[in-house]
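0 is the number of the first residue of the sequence shown in numbering that gives the first Met the number 0; add one for each residue after it.
Heads up, the beta-carbon is just placed ideally off N, CA and C, and yes, glycines get one too.
Every value quoted in this text rests on a predicted model; they were computed, and no experiment measured them.
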Amino acid sequence: MVRETRLSARSLVYPLFVCPGSKVKDEISSMPGNYRWSVDLLAEEGKRAHDLGIPAVILFGIPESKDDVGSGAYDPDGIVQRAVRALKKAVPGLLVICDVCLDEYTSHGHCGLIKNEEVDNDSTLELLAKTALTQVRAGADIVAPSDMMDGRVGRIRSELDARGFTNVPILAYSAKYASAFYGPFREAADSAPKFGDRKSYQMDPANQREALREIALDVEEGADIIMIKPALPYLDIIALARRQFDVPIAAYQVSGEFALIEAGARLGWIDRERIMMETLLSLRRAGADIILTYFAKDAARLLGC
Ligand code: PBG
0 MVRETRLSAR SLVYPLFVCP GSKVKDEISS MPGNYRWSVD LLAEEGKRAH
50 DLGIPAVILF GIPESKDDVG SGAYDPDGIV QRAVRALKKA VPGLLVICDV
100 CLDEYTSHGH CGLIKNEEVD NDSTLELLAK TALTQVRAGA DIVAPSDMMD
150 GRVGRIRSEL DARGFTNVPI LAYSAKYASA FYGPFREAAD SAPKFGDRKS
200 YQMDPANQRE ALREIALDVE EGADIIMIKP ALPYLDIIAL ARRQFDVPIA
250 AYQVSGEFAL IEAGARLGWI DRERIMMETL LSLRRAGADI ILTYFAKDAA
300 RLLGC
């Protein structure tokens, strides 16, 4: 009765990787228990998650081929667009969120177009808007831009509104840090930048006030939900954002956070279940409403519906 914070499967979002082919279930070596799924098997995994009481999944695509403009991201018949259609058909009650970003689709691995060896913010916005539109047309319930280009929330909002999708919310990765915790994800999506790093668009881990500025800009541009990423090393940002903004807040417990706990558990040095639940609960205590986590299914199993 006196507990101040509660964790429930209803706050969890399960990240899923989708790849070409059929009957593919390919385990990601640094993320045990997480797989690259082909579209056919993905729908079954979505159903299992939904049956455990998890309301939503977020999709990441691994395309057949990559090019320097990331055209697989906005192909109306691209890997994620096909996956959304299959998921919505197989599990209509499951909320499908699509990550909007080019890095999984570009040959150079950056989140935007390259001009003069730099990521060009403004020309990238057009492609992000196109990506979001094709995802929504395929049936996505929410779009989640993760690229950290300036102005992308506003550009995507106006695109969706102009095409009649005024009711589709935007979950903005507002405070996304240039973090080493994304390592296993980049292995999973083969999306590590081939030159340079993401520090010109992602945030410096040393900065707190800048995160609040980034969030304020996204909210002004029309973000419906804001996200902070990674999660555990940035609890201060979540707590500050909670005090300053009244929109729902999502926290992304990223691949490296997951991998650390899994590795510690495999060595027998920590109690996997207790640490999993304690970290998730701490994100709620800091102020997150929604948690994206690779532990979603295991946590939901322990929590019950
Ligand atoms: C970018 C994106 C990244 C993650 C989610 N969206 C990687 C990056 O910036 O390199 C990382 C998620 C994770 O580590 O779990 N599309």
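Drop a sphere of 10 angstroms on the beta-carbon of residue i, count the other beta-carbons inside from all chains shown, and report buried for 16 or more, exposed for fewer.
i    : result
E213 : buried
A171 : buried
T278 : buried
A85  : buried
K228 : buried
L41  : buried
L291 : buried
A205 : exposed
T4   : exposed
K258 : Reading off the sequence shown, one finds Ala at residue 258, where the question assumed Lys. Buried is the call here.
S190 : buried
S37  : buried
T105 : buried
R154 : buried
L266 : exposed
M0   : exposed
Between the options, which lies nearest to residue i when the distance is taken from Cα to Cα?
i    : options                   : result
A295 : D235, H107 and Y251       : Y251
G150 : M202, D121, F244 and I225 : D121
Y233 : R283, R273, L266 and P144 : R283
M226 : V142, G60, E158 and V167  : V142
G286 : L239, P91, E158 and I61   : L239
E43  : V83, E220 and G60         : V83
V246 : P204, R265, A215 and M275 : A215
G69  : K46, T130, F16 and D50    : T130
R241 : S254, E261 and L211       : L211
T123 : M147, A299 and G182       : M147
V12  : P31, D74 and I57          : I57
P75  : R47, S157, L132 and G267  : L132
G77  : C18, A48 and G195         : C18
G137 : Y293, R208, K87 and A48   : Sequence check: residue 137 is Ala here, not Gly. The shortest C-alpha separation from A137 is found at K87.
Q201 : S37, G111 and G163        : G111
P31  : I260, S199 and G303       : I260
I27  : Y293, R300 and R271       : Y293
E220 : N115, R47, R156 and H49   : R156
When you measure from the CB of residue i to every non-hydrogen atom of the ligand PBG, does any distance come out below 8 Å?
i    : result
G255 : yes
F194 : no
Q201 : yes
F180 : yes
R2   : no
K175 : yes
D98  : yes
C18  : no
R136 : no
R300 : no
S7   : no
S190 : yes
P14  : yes
P183 : yes
S21  : no
E261 : no
Y34  : no
F294 : no
Y172 : yes
K228 : yes
E26  : no
R265 : no
S29  : no
D349 : An answer regarding residue 349 cannot be provided, because it is not within the stretch 0 to 304 covered by the chain.
Assuming contact is defined by CB atoms lying nearer than 9 Å, are residue i and residue j in contact in what I supplied?
i    : j    : result
S29  : E186 : yes
L93  : A55  : yes
A139 : I96  : yes
K175 : H107 : no
S145 : V218 : no
H109 : D102 : yes
R35  : K22  : no
Q134 : V90  : no
R9   : G52  : yes
V118 : A222 : no
I289 : I224 : yes
N33  : P14  : yes
Y59  : F244 : Note that residue 59 is Phe in the sequence shown here, rather than Tyr. No.
Y73  : L159 : no
R197 : A179 : no
I113 : D66  : no
F16  : A188 : yes
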